[in-house]
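Report on the structure given below.
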Amino acid sequence: MDAVKTELMKKSKASRQDQRGKLISLFCIFLIMLVVLSILYMITSKGLATFFENKMSFTDFFTKKVWNPSAKPQPLVGALPMIVGSFGVTVLSAILAAPFAIATAVFMTDISGKRGQAILQPVIELLVGIPSVVYGFIGLTVVVPFTRAVFGGTGFGILSGTFVLFVMVLPTVTSMYVDSLKAVPRFYREASLALGATRWQTIYKVIIRASIPGLLTAIIFGMARAFGEALAVQMVIGNASILPQDLVSPASTLTSVLTTGIGNTVLGTLPNNALWSLALVLLLMSLVFNLLTRFIGKKGAF
Amino acid sequence: MANNNIITAENVRLYYGKHEALHGIDLDFPEKQITALIGPSGSGKSTFLRSLNRMNDLIPDVTVTGTIRLDGSDIYSPQTDTVELRKRVGMVFQQPNPFPFSVYENVTYGLRLAGVKDKKLLDQRVEESLKLAAVWDETKDHLKDNALSFSGGQQQRICIARVLAVKPEIILLDEPTSALDPVSSAKVEDSLLAIKNQYTIAIVTHNMQQASRISDRTAFFLNGKLIEVDNTANIFLNPKQQETSDYLNGKFG
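So the sequences go chain by chain: X and A. Numbering of the first sequence is given in the numbering used here, commencing with residue 30 and proceeding in unit increments. Numbering of the second sequence is given in the numbering used here, commencing with residue -8 and proceeding in unit increments.
Written out as structure tokens, the structure is:
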């Protein structure tokens, strides 16, 4: 009896394995959290240093139009042009990409059948995989001259940035929207057709409508990608930190100023801190995008 | 009797790819009667029902031979407009499947497709259809609520109301109560009995008591064949075929 008891009370090999596995995953999670928190802390502290250490005005940062952090004696850190530029390319490319993404996704799920999807799916995945520098290069050699010829100006500017980002976010939005269209139950389609709806009526009155939360999530994901994209945009936007007056004159985004400026500043000085402030804005925006998708996902679950 | 058959099916064979699932069905549906289709799972009763409004067209590789006539015209002829056909032959499915919209939008869906915009007419049809489907009392104060917020039984009756609103001539029901509890099922049955003098109804059911309670005629399917069809009382009290009698007495299944 006692032998049985001790045998039962002793930790088995399986439960020791269990514990070891738990420890390993806890350790990994702890490490990741540490990295994330340090990044957040670094960006926040450096980004806020512009305002607390260098005593720059917080409101000026968001409202003034001149960006010259190394100017003497009075440095100017008006980030409005970049903020406008970033939102401009993001919103415009999302607006441009949405209808194409809807059409492509609907075609893949409801019109073409299996064969169309077998062809289109790899194409879209390929588009996601192309490095952004390649997109930027194509943008520089094709889109910029095209914009110059058709819309005038230098060709560099928000419009070119929009076109390049449009191609870059389209596959993201499309493949995410395809997933949410596939999640629309088959019986909605059957119910609609059985009531005498045509396939087209079924698509736009039931399927698209039922998948609107998924569509919004997909678009916001695309916007998050567009907002954070640096290289390709930097190559076609012209990089002039002035408030854009139109879509075809050189402008800049938060990311393009960051990538062009980061090598030319000294750590701990105002010009460097000012760049960290831009990074902080980027970070906060991606947080907002993230929260938005979560909020929509929660509301729109069916 | 033979003259007021609204649907006549002759030698209907249906193939999934090369596999023959229905082996030549001859079955007529008299006007303004409830015909119950019974039989074990896989006997082809649902498949046959779905061929009456060409829902099987949605499944790839399905071919149907033989003729099914609605009011004398062949519904599988190339001239048939499936959209028009499905307006005349409505369908209620096994799973309650209201759209994730408001009750009002669900019930008016078919009418709006048909281009009805008159608010008064829509309101009137909504009330009329929900009353006929015996779900008006539960929904009248919640017409703007999402239809998915109602119970399964209520959802199924909303689906029936949605079909009734288009005023089809025939209503096909594919095991409409199999996902519902007995109380909700009884309510659905009540609404079917309430509308049977205006509509021709074909109902697939696994519930033999349900068939005997509500139907005028009963058709027994087995292995893709129609074994027997007769007045419900005859089928249940003195079936002519041995298989029918065995099935009703639970000797196989």
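The C-beta atom is built at its ideal place from N, Cα and C for all residues, glycine as well.
Cβ of residue i within 8 Å of any chain B Cβ
{"i": "residue 220(X)", "result": "In the displayed structure, chain B is absent; the protein chains listed are X and A."}
CA-to-CA distance, residue j to residue i, given in whole angstroms
{"i": "residue 73(X)", "j": "residue 85(X)", "result": "16 Å"}
{"i": "residue 39(X)", "j": "residue 45(X)", "result": "10 Å"}
{"i": "residue 94(X)", "j": "residue 118(X)", "result": "18 Å"}
{"i": "residue 241(A)", "j": "residue 141(X)", "result": "46 Å"}
{"i": "residue 232(X)", "j": "residue 225(X)", "result": "13 Å"}
{"i": "residue 157(X)", "j": "residue 163(X)", "result": "12 Å"}
{"i": "residue 236(X)", "j": "residue 210(X)", "result": "7 Å"}
{"i": "residue 250(X)", "j": "residue 312(X)", "result": "15 Å"}
{"i": "residue 111(A)", "j": "residue 101(A)", "result": "16 Å"}
{"i": "residue 37(A)", "j": "residue 188(A)", "result": "24 Å"}
{"i": "residue 196(X)", "j": "residue 323(X)", "result": "25 Å"}
{"i": "residue -1(A)", "j": "residue 9(A)", "result": "25 Å"}
{"i": "residue 13(A)", "j": "residue 234(A)", "result": "18 Å"}
{"i": "residue 175(A)", "j": "residue 61(A)", "result": "32 Å"}
{"i": "residue 15(A)", "j": "residue 230(X)", "result": "34 Å"}
{"i": "residue 149(X)", "j": "residue 123(X)", "result": "21 Å"}
{"i": "residue 52(X)", "j": "residue 65(X)", "result": "20 Å"}
{"i": "residue 67(X)", "j": "residue 87(A)", "result": "51 Å"}
{"i": "residue 213(A)", "j": "residue 77(A)", "result": "27 Å"}
{"i": "residue 160(A)", "j": "residue 69(A)", "result": "22 Å"}
{"i": "residue 171(X)", "j": "residue 102(X)", "result": "42 Å"}
{"i": "residue 120(A)", "j": "residue 132(X)", "result": "36 Å"}
{"i": "residue 159(X)", "j": "residue 63(X)", "result": "31 Å"}
{"i": "residue 317(X)", "j": "residue 255(X)", "result": "14 Å"}
{"i": "residue 225(A)", "j": "residue 164(A)", "result": "23 Å"}
{"i": "residue 116(X)", "j": "residue 110(X)", "result": "10 Å"}
{"i": "residue 67(A)", "j": "residue 104(A)", "result": "23 Å"}
Own chain, CB closer than 6 Å to residue i, minus 5 neighbours either side, in chain order
{"i": "residue 22(A)", "result": "-5, -3, 191"}
{"i": "residue 32(A)", "result": "none"}
{"i": "residue 247(X)", "result": "202, 205, 206"}
{"i": "residue 305(X)", "result": "75, 76"}
{"i": "residue 106(X)", "result": "85, 90, 98, 303"}
{"i": "residue 186(A)", "result": "123"}
{"i": "residue 175(X)", "result": "none"}
{"i": "residue 213(X)", "result": "236, 239, 240"}
{"i": "residue 130(A)", "result": "94, 121"}
Three-state secondary structure assigned by DSSP to residue i
{"i": "residue 95(A)", "result": "helix"}
{"i": "residue 67(A)", "result": "coil"}
{"i": "residue 325(X)", "result": "helix"}
{"i": "residue -8(A)", "result": "For residue -8(A), the predicted structure reports a pLDDT of 44, less than 50, and the residue's modelled location is therefore unreliable. A value from the coordinates is still provided. Three-state result, residue -8(A): coil."}
{"i": "residue 131(X)", "result": "helix"}
{"i": "residue 294(X)", "result": "coil"}
{"i": "residue 224(X)", "result": "coil"}
{"i": "residue 11(A)", "result": "strand"}
{"i": "residue 218(X)", "result": "helix"}
{"i": "residue 45(A)", "result": "coil"}
{"i": "residue 22(A)", "result": "coil"}
{"i": "residue 190(X)", "result": "helix"}
{"i": "residue 140(X)", "result": "helix"}
{"i": "residue 35(X)", "result": "helix"}
{"i": "residue 331(X)", "result": "The predicted model places residue 331(X) with a pLDDT of 48, which falls under 50 and marks its position as unreliable, so this point remains unresolved."}
{"i": "residue 216(A)", "result": "strand"}
{"i": "residue 196(A)", "result": "coil"}
{"i": "residue 84(A)", "result": "coil"}
{"i": "residue 2(A)", "result": "strand"}
Proximal residues to residue i (C-beta, below 7 Å), its chain only, five neighbours per side dropped
{"i": "residue 298(X)", "result": "none"}
{"i": "residue -8(A)", "result": "Below a pLDDT of 50, predicted positions are generally treated as unreliable, and residue -8(A), at 44, falls in that range; the measurement from the model is reported next regardless. For residue -8(A), where only same-chain residues beyond five positions count, the Cβ hits under 7 Å are 21."}
{"i": "residue 148(A)", "result": "124, 125, 126, 178, 179, 182"}
{"i": "residue 83(X)", "result": "299, 302"}
{"i": "residue 129(X)", "result": "199"}
{"i": "residue 40(A)", "result": "28, 163, 165, 193, 195"}
Spatial neighbours of residue i in its chain, beta-carbon cut-off 8 Å, leaving aside the 5 residues before and after
{"i": "residue 232(A)", "result": "211, 218, 219"}
{"i": "residue 53(A)", "result": "5, 6, 7, 47"}
{"i": "residue 106(A)", "result": "none"}
{"i": "residue 154(A)", "result": "81, 82, 83, 101, 162"}
Does the region 283 to 299 of chain X come close enough to the region 179 to 187 of chain X that 3 or more CB-CB pairs lie under 8 Å?
-> In this structure the region 179 to 187 of chain X does not lie against the region 283 to 299 of chain X, because fewer than three pairs of beta carbons, one per stretch, are closer than 8 Å.
Tell me, please, whether the region 38 to 54 of chain A touches the region 76 to 84 of chain A by the rule of three or more beta-carbon pairs shorter than 8 Å.
-> By the C-beta criterion, the region 38 to 54 of chain A is judged to be in contact with the region 76 to 84 of chain A, since at least 3 inter-stretch pairs fall below 8 Å.
Just checking, does the region 86 to 101 of chain A make contact with the region 132 to 144 of chain A on the three C-beta pairs under 8 Å criterion?
-> Contact annotation: the region 86 to 101 of chain A touches the region 132 to 144 of chain A, with at least three C-beta pairs closer than 8 Å.
Complete alpha helix (DSSP H) runs within the region 122 to 171 of chain A (minimum length 4 residues, chain order) = Taking only runs of at least 4 residues, the alpha helix (DSSP H) segments lying wholly in the region 122 to 171 of chain A are 127 to 130, 143 to 156.
Ignoring anything shorter than 4 residues or poking outside the region 230 to 310 of chain X, list the alpha helix (DSSP H) runs there in chain order.
-> Runs found: 241 to 257, 260 to 266, 283 to 290.
Contained alpha helix (DSSP H) runs [length at least 4] in the region 80 to 137 of chain X, N- to C-terminal order = Correct list: 87 to 92, 109 to 135.
Stretch pair the region 173 to 185 of chain X + the region 261 to 281 of chain X: three plus CB contacts closer than 8 Å = Contact holds between the region 173 to 185 of chain X and the region 261 to 281 of chain X, because three or more Cβ pairs, one in each stretch, are under 8 Å apart.
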